[in-house]
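Here's the structure, in structure tokens; my notes come after.
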Amino acid sequence: MRLPCPICGERDRREFYYKGHALALNRPDPDADDAEWDDYVHLRDNPAGRTRDLWYHSAGCGAWIVVDRDTVTHEVFGATLAEDAEARDAAG
Amino acid sequence: MRYSAWQILKEGLTGNKGWKPVWREPEPKAEYDIVIIGGGGHGLSTAYYLAKEFGVTNVAVVEKGWLGSGNIGRNTTIIRSNYLLEGNQPFYEHSLKLWEGLEQDFNYNAMVSQRGILNLIHSDPQRDAFARRANAMRLSGADAELLDREGIAKMCPFLDFDNARFPIQGALWQPRGGTVRHDAVAWGYARGADERGVDILQNCEVTGIDIEGGRAVGVQTSRGSIRAKKIAMCVAGSSSRVAAMAGMRLPIESHVLQAFVSEGLKPVIPGVITFGAGHFYVSQSDKGGLVFGGDIDGYNTYAQRGNLPVVEDVCEGGMAIMPMIGRARLLRMWGGIMDMSMDGSPFITKTDTPGLYFNGGWCYGGFKATPASGFCYAHLLAKDEPHEVATAFRLDRFMRGAPIDEKGQGAQPNLH
Chain X
1 MRLPCPICGE
11 RDRREFYYKG
21 HALALNRPDP
31 DADDAEWDDY
41 VHLRDNPAGR
51 TRDLWYHSAG
61 CGAWIVVDRD
71 TVTHEVFGAT
81 LAEDAEARDA
91 AG
Chain U
1 MRYSAWQILK
11 EGLTGNKGWK
21 PVWREPEPKA
31 EYDIVIIGGG
41 GHGLSTAYYL
51 AKEFGVTNVA
61 VVEKGWLGSG
71 NIGRNTTIIR
81 SNYLLEGNQP
91 FYEHSLKLWE
101 GLEQDFNYNA
111 MVSQRGILNL
121 IHSDPQRDAF
131 ARRANAMRLS
141 GADAELLDRE
151 GIAKMCPFLD
161 FDNARFPIQG
171 ALWQPRGGTV
181 RHDAVAWGYA
191 RGADERGVDI
201 LQNCEVTGID
211 IEGGRAVGVQ
221 TSRGSIRAKK
231 IAMCVAGSSS
241 RVAAMAGMRL
251 PIESHVLQAF
261 VSEGLKPVIP
271 GVITFGAGHF
281 YVSQSDKGGL
291 VFGGDIDGYN
301 TYAQRGNLPV
311 VEDVCEGGMA
321 IMPMIGRARL
331 LRMWGGIMDM
341 SMDGSPFITK
351 TDTPGLYFNG
361 GWCYGGFKAT
371 PASGFCYAHL
381 LAKDEPHEVA
391 TAFRLDRFMR
401 GAPIDEKGQG
411 AQPNLH
């Protein structure tokens with residue numbers, strides 16, 4: 001599998017560290033209740049099909065990126081910088 | 001269907017025309033006491049123990065593909081009880097005891113071979129950690145010994161003891177560990193369950209879980225709807241997909257684990273050997289193939305195939321401890337989908353929906369757990385209370401701050 005880093009271009013999967021689903025960007029308020037934090041830290045949709053997940057370009061530019069890909073076919077549709085994705089989510 | 005030396009001789013002389021199917025191919029009934037979703041090792045052993053130990057026989061096992069088409073036929077066949085934590089180790093020791101009596105219990109040759117498992121030690125801290133683990137194992141009633149280099153060399157003279165980076169300093173040795181013929185486990189349990197009246201419904205995919213008044217009352221399948229007093233999910237690898245039908249989100253990610261087998265060789269490896277400085281484990285099948293594996297690929301996937309970086313990593317691990325395998329050719333490689341849980345430990349539990357039960361999250365350790373998983377799940381289903389060695393495998397353990405985290409990695413499934 002090769003991932004398209006928005007800064008470096010398409011690179012081998014080995015250059016990246018995998019974090020997990022991009023819901024990691026949607027961090028709850030520090031004062032949110034236990035159930036909300038449990039949900040954020042532990043529970044996952046784990047879809048069979050299209051998903052958005054977080055990768056860190058550890059052997060490249062050091063950017064966190066959100067990759068849009070398919071968990072069944074391993075097809076990769078694209079990637080954006082996590083900071084852009086965050087800004088987009090914040091804007092709704 | 002029974003087997004004997006006389007029958008093999010007779011069939012051999014008469015063209016092998018008299019063999020009969022080992023289990024029935026029944027039509028689904030409208031209602032069962034218990035419907036088990038998933039006809040893999042754990043689902044079949046659950047059905048077997050429900051019928052045999054708990055007297056519940058009005059049971060169906062609903063399987064999407066053919067019997068044993070998932071991870072029961074994709075694992076590397078290792079059995080062991082060398083865990084550390086209290087929530088886990090007594091369960092796995094219970095499982096190993098069940099393995100030891102399994103063939104007599106279900107009267108089927110599963111080729112249970114207690115040839116021992118050797119976990120190599122490469123550093124002083126690792127020796128301390130394994131000494132602690134060995135003590136935990138012995139406290140649970142399991143067997144464990146620490147070997148020095150000479151002790152290992154007697155068994156495995158071919159190891160690269162003086163490897164420049166990872167010299168071998170010792171090993172944790174569990175003589176009662178070993179390997180089992182995995183397909184025969186599924187077949188033996190299936191025959192035993194079928195004989196006692198359990199309906200095994202193959203090519204029957206669950207497409208929905210019916211919930212009425214907050215209670216699970218049946219399943220929709222590709223062969224019609226089936227009502228049930230209790231519904232038991234048992235589909236590790238696809239747990240999130242099936243649980244989603246009941247509106248549940250699980251503390252699980254799906255990952256692929258690859259396994260490999262070499263061409264057949266003369267006997268060279270006496271038991272199971274694991275590398276302590278990387279991730280590589282190997283045993284030799286009775287056909288002669290070296291069966292080995294390593295880490296999961298590391299990112300969420302439902303594809304039953306892996307990527308090349310892990311192939312390279314696994315083979316490097318093998319070469320680091322036993323350079324002699326460098327000349328063996330790889331015959332086959334494949335992947336299986338794992339439920340990787342948030343603490344690396346499994347679930348055998350009720351859910352928030354009455355009538356709905358969950359078994360899953362086996363990470364890459366499900367095969368060795370097959371007998372105890374089925375036994376404890378059957379106990380839970382029949383009595384509505386957990387078996388004494390499986391009380392910790394609850395879904396709410398994260399919320400309660402009581403994870404069973406053998407590796408201490410936290411809620412990061414690809415690191416367990």
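Listed in order, the protein sequences are those of chains X and U.
Residue numbering for the first sequence follows full-length UniProt numbering, beginning at 1 and increasing consecutively.
Residue numbering for the second sequence follows full-length UniProt numbering, beginning at 1 and increasing consecutively.
Glycine included, every Cβ here is placed at the ideal spot set by N, Cα and C.
In the DSSP assignment, find the unbroken alpha helix (DSSP H) run with residue i in it and report its ends.
| i | result |
| --- | --- |
| residue 10 of chain U | 5-13 |
| residue 95 of chain U | 89-106 |
| residue 152 of chain U | 149-155 |
| residue 44 of chain U | 41-53 |
| residue 241 of chain U | 239-244 |
Is residue i helix, strand or coil when you go by DSSP?
| i | result |
| --- | --- |
| residue 58 of chain U | coil |
| residue 53 of chain X | strand |
| residue 17 of chain U | coil |
| residue 416 of chain U | coil |
| residue 317 of chain U | helix |
| residue 338 of chain U | strand |
| residue 81 of chain U | coil |
| residue 109 of chain U | coil |
| residue 72 of chain U | helix |
| residue 231 of chain U | strand |
| residue 186 of chain U | helix |
| residue 179 of chain U | strand |
| residue 428 of chain U | Since the first residue of chain U shown is 1 and the last is 416, residue 428 of chain U is not available in this structure. |
| residue 269 of chain U | coil |
| residue 323 of chain U | helix |
| residue 425 of chain U | A query on residue 425 of chain U cannot be resolved here, the shown segment of chain U reaching from 1 to 416 and no further. |
| residue 312 of chain U | helix |
| residue 25 of chain U | coil |
| residue 2 of chain X | strand |
| residue 10 of chain X | strand |
| residue 15 of chain X | helix |
| residue 86 of chain X | helix |
| residue 423 of chain U | No information on residue 423 of chain U is available, as it lies outside the stretch 1 to 416 that chain U covers here. |
| residue 158 of chain U | coil |
| residue 275 of chain U | coil |
| residue 347 of chain U | strand |
Classify residue i: buried if its beta carbon has 16 or more other beta carbons within 10 angstroms, exposed otherwise.
| i | result |
| --- | --- |
| residue 406 of chain U | buried |
| residue 9 of chain X | exposed |
| residue 26 of chain X | exposed |
| residue 394 of chain U | buried |
| residue 174 of chain U | buried |
| residue 93 of chain U | buried |
| residue 6 of chain U | exposed |
| residue 3 of chain U | exposed |
| residue 344 of chain U | buried |
| residue 231 of chain U | buried |
| residue 284 of chain U | buried |
| residue 81 of chain U | buried |
| residue 109 of chain U | exposed |
| residue 73 of chain X | exposed |
| residue 134 of chain U | buried |
| residue 19 of chain U | exposed |
| residue 400 of chain U | exposed |
Could you tell me the boundaries of the beta strand (DSSP E) in which residue i lies?
| i | result |
| --- | --- |
| residue 137 of chain U | Per DSSP, residue 137 of chain U belongs to no beta strand (DSSP E); it is in the alpha helix (DSSP H), 124-139. |
| residue 31 of chain U | 31-37 |
| residue 173 of chain U | 170-174 |
| residue 299 of chain U | 289-300 |
| residue 283 of chain U | 281-284 |
| residue 117 of chain U | 117-121 |
| residue 306 of chain U | Note, residue 306 of chain U: premise wrong, no beta strand (DSSP E); not H, not E. |
| residue 198 of chain U | Segment: none, residue 198 of chain U is in no beta strand (DSSP E) and carries neither H nor E. |
| residue 260 of chain U | 252-264 |
- Task: Note down, one range per segment and in chain order, each beta strand (DSSP E) of at least 3 residues found wholly within the segment 17-82 of chain X.
- Result: 17-21, 50-56, 64-70 and 76-81
- Would you be able to state if there are at least three C-beta pairs under 8 Å between the segment 179-193 of chain U and the segment 43-53 of chain U? yes
- Message: Can you confirm whether the segment 83-92 of chain U touches the segment 377-393 of chain U when touching is taken to mean that 3 or more C-beta pairs between the two stretches lie within less than 8 Å?
- Response: yes
- Message: If contact is defined by three or more beta carbon pairs under 8 Å, each pair taking one atom from either stretch, is the segment 39-59 of chain X in contact with the segment 240-255 of chain U?
- Response: yes
- Quick one: complete alpha helix (DSSP H) runs, 4+ long, within the segment 349-404 of chain U? 370-383
- Query: Would the segment 74-82 of chain U and the segment 289-298 of chain U be scored as touching if the rule is three or more Cβ pairs under 8 Å?
  - Reply: yes
- Please determine if the segment 144-153 of chain U and the segment 296-305 of chain U are in contact, where contact requires at least 3 C-beta pairs separated by less than 8 Å. no
- Message: Quick check: the segment 62-71 of chain U against the segment 274-284 of chain U, are at least 3 beta-carbon pairs closer than 8 Å?
- Response: no
- Query: Using 8 Å as the Cβ pair cut-off and three pairs as the minimum, do the segment 220-236 of chain U and the segment 256-276 of chain U touch?
  - Reply: no
- What are the complete beta strand (DSSP E) segments, minimum 3 residues, inside the segment 203-227 of chain U? 206-212 and 215-221
- Message: Any contact between the segment 346-354 of chain U and the segment 208-222 of chain U? By contact I mean 3 or more CB pairs, one from each, below 8 Å.
- Response: yes
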